[in-house]
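**Student:**
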Amino acid sequence: MVGCNKNRKIMNRVKRKYIYWKDILERRHVGLQATKGHQVRIYNWSRVYSPDLWLVNFIEKRGLLIGKPKLKIGLYSIFAPDWLTVFDDCDLRIFVARENLHKPGMKRWEHQFLNDNRFQLSIGFDNLEHDQYLRIPFWMTWNTFQPTDTYKEIKERVLHMNNPLNHSYDNRKFACFLCSHSDPGRQHLYDRLSSIDRVDCDGRGMHNNDTLRMIHKDNKLSYLRDYRFNLTPENSNDPYYCTEKLMEAFQAGTVPIYFGCNNNPEPDVINSKAIVFIMQAEIPENQLKLISELNSSKDSYMEFATQPCLLPDAENVIWGYYEQLEDKLKEIIKNV
Numbered sequence: 001m002v003g004c005n006k007n008r009k010i011m012n013r014v015k016r017k018y019i020y021w022k023d024i025l026e027r028r029h030v031g032l033q034a035t036k037g038h039q040v041r042i043y044n045w046s047r048v049y050s051p052d053l054w055l056v057n058f059i060e061k062r063g064l065l066i067g068k069p070k071l072k073i074g075l076y077s078i079f080a081p082d083w084l085t086v087f088d089d090c091d092l093r094i095f096v097a098r099e100n101l102h103k104p105g106m107k108r109w110e111h112q113f114l115n116d117n118r119f120q121l122s123i124g125f126d127n128l129e130h131d132q133y134l135r136i137p138f139w140m141t142w143n144t145f146q147p148t149d150t151y152k153e154i155k156e157r158v159l160h161m162n163n164p165l166n167h168s169y170d171n172r173k174f175a176c177f178l179c180s181h182s183d184p185g186r187q188h189l190y191d192r193l194s195s196i197d198r199v200d201c202d203g204r205g206m207h208n209n210d211t212l213r214m215i216h217k218d219n220k221l222s223y224l225r226d227y228r229f230n231l232t233p234e235n236s237n238d239p240y241y242c243t244e245k246l247m248e249a250f251q252a253g254t255v256p257i258y259f260g261c262n263n264n265p266e267p268d269v270i271n272s273k274a275i276v277f278i279m280q281a282e283i284p285e286n287q288l289k290l291i292s293e294l295n296s297s298k299d300s301y302m303e304f305a306t307q308p309c310l311l312p313d314a315e316n317v318i319w320g321y322y323e324q325l326e327d328k329l330k331e332i333i334k335n336v
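In this text, residue positions in the sequence shown follow full-length UniProt numbering: the first is 1, and each later residue adds one.
1) Can you have a look at Arg27 and say buried or exposed, based on whether 16 or more other CB atoms are within 10 angstroms of its CB?
2) For a test of the three-state rule: what should DSSP assign to residue 402, helix, strand or coil?
3) Helix, strand or coil: how does DSSP classify Val317 here?
4) From the DSSP output, in three-state form, read off Ile257 for me.
5) In chain order, what residues of the same chain have a beta carbon less than 6 Å from the beta carbon of His207, not counting five sequence neighbours either side?
6) Go ahead and pull the three-state DSSP assignment for Gly67.
7) Taking buried to mean at least 16 other C-beta atoms within 10 Å of its own C-beta, is Pro233 buried or exposed?
8) Which residue's Cα is closest to the Cα of Asp89: Tyr133, Leu71 and Ala314?
9) Just to confirm my understanding: we take Asn162, look at its own chain, exclude 5 residues before and 5 after, and list those with CB closer than 7 Å. What are they?
10) Pick from Ile332, Leu329, Asn316 and Cys179: whose alpha carbon is nearest that of Thr150?
11) Apart from the five residues on each side of it in sequence, which residues of its chain come closer than 8 Å, Cβ to Cβ, to Ser195?
12) Can you tell me where the beta strand (DSSP E) holding Asn230 begins and where it ends?
13) Please return the same chain residues whose Cβ sits closer than 7 Å to the Cβ of Ile59, not counting the five positions on each side in sequence.
14) By DSSP, does Leu178 sit in helix, in strand, or in coil?
15) In terms of DSSP beta bridges, what is Asp200 paired with?
16) Among residues of its own chain, excluding the 5 on either side of Thr306, which ones have a beta-carbon nearer than 6 Å to its beta-carbon?
17) Starting from Phe95, follow its DSSP beta bridges and name the residues at the other end.
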């Protein structure tokens, strides 16, 4: 009996290892297939969606590889062991955090490549001074701003988000909540908000609606335009970890109900007065009352919703990120 239990444990360990490496190799294959034919390839990624190619397109479509037709660049994240770099033939490697590395379980990745000669650049969300590091906000690289944008185009996007005509009370439903999975905190937020009116959930978590897929063909921005409010807490809280959630809400002209970044997100870009702030896994009574009042009054809602969501100098701050990224990439490409 003891021998059988020991053998069973060994087999379970082998099975877990097999599944682990099978998943890693599948993800690696997907990333390489998504960037097949590119000089910039994706490694150690999770799932690959079209916005994941933002940095690939930034490098290639802004002409940063002109005169370097054989240069191979690898983009790496945290979803596989970093020693797998021995199996690539990249001339230049860039680490892209993509996640809040201050979370438990991810701290081992925190800034570990800053003095690693395998990597020429690390891109993350922290404010950090280092020759091999750049802070590039996640929201800049997902859906709202494009890798080929000029200063003029960025300014036009900011003007669109701040335009009162981008907002509407009529012909919009109450609220939506998109999340990949449910947990007690998210369920509580959903229950609290549902005490006002129906909350549509088109993601896998608390799924109760199919218009995102059936009507909007998985176009999130188009879907968000159906709603007055978007319940959109970050998956984790850190002062500088601001994902695409707020910018997508602003782009769609829906009021974000938000928690994250210590409730002070991107203070040099975002007007915090245009956001309904909540707490982690809780909607305080005063904020629930505010949401209810805004939802029941067209005038009150439009007065709140049409506040400029981005600050007067936002386009210059955003363009500054573009310039920093382009200048740094030119520098490391030149030095290869």
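All residues carry an ideal CB built from backbone N, CA and C; glycine is no exception. Remember, predicted model here, so these are calculated numbers, not experimental data.
**Tutor:** In short:
1) Walking along the sequence shown from the start, residue 27 turns up at place 27. Counting other Cβ atoms within 10 Å of its Cβ, Arg27 reaches 16 or more and is therefore classed as buried.
2) Shown here, the chain extends from 1 to 336; a query on residue 402 therefore has no answer.
3) Taking the sequence shown and counting its residues from 1, one reaches residue 317 at position 317. In the three-state reduction of the DSSP assignment, Val317 falls in the helix class.
4) Working through the sequence shown from its first residue, we reach residue 257 at position 257. Reduced to three states, the DSSP call for Ile257 is strand.
5) Along the sequence shown, one-based indexing puts residue 207 at 207. Cys201.
6) Counting from 1 along the sequence shown, the entry for residue 67 is found at position 67. It is coil, neither helix nor strand.
7) If you number the sequence shown from 1, residue 233 lands on position 233. Buried, because 16 or more other Cβ atoms sit within 10 Å of the Cβ of Pro233.
8) The residue labelled residue 89 in the question sits at position 89 within the sequence shown. When only C-alpha atoms are compared, the closest one is Leu71.
9) The sequence position of residue 162 within the sequence shown is 162, counting from 1. Here Asn162 has Pro308, Cys309 and Leu310 as same chain residues with Cβ atoms under 7 Å from its own Cβ, once five neighbours each way along the sequence are excluded.
10) Translated into positions along the sequence shown, residue 150 becomes position 150. Nearest in C-alpha terms to Thr150, of all of Ile332, Leu329, Asn316 and Cys179, is Asn316.
11) Within the sequence shown, the letter at position 195 stands for residue 195. The beta carbon of Ser195 lies closer than 8 Å to those of Leu288 in the same chain, with the five residues before and after it left out.
12) On the sequence shown, residue 230 is found 230 positions in, with the first residue counted as 1. Here the beta strand (DSSP E) through Asn230 covers Tyr227 to Leu231.
13) Taking the sequence shown and counting its residues from 1, the one referred to as residue 59 is at position 59. Residues of the same chain with a CB within less than 7 Å of the CB of Ile59, apart from the 5 flanking positions on each side, are Val40, Leu65, Ile73 and Leu329 in chain order.
14) Counted from its first residue, the sequence shown places residue 178 at position 178. It is coil, neither helix nor strand.
15) Along the sequence shown, one-based indexing puts residue 200 at 200. In the DSSP secondary-structure assignment, Asp200 is bridged to Cys176.
16) Taking the first residue of the sequence shown as 1, we reach residue 306 at position 306. Apart from the 5 residues on each side of it in sequence, Thr306 sits with its Cβ closer than 6 Å to the Cβ of Pro164 and His167 in its chain, given in chain order.
17) Residue numbering aside, residue 95 sits at position 95 when the sequence shown is read from its first letter. Per DSSP, the beta-bridge partners of Phe95 are Tyr76 and Ser122.
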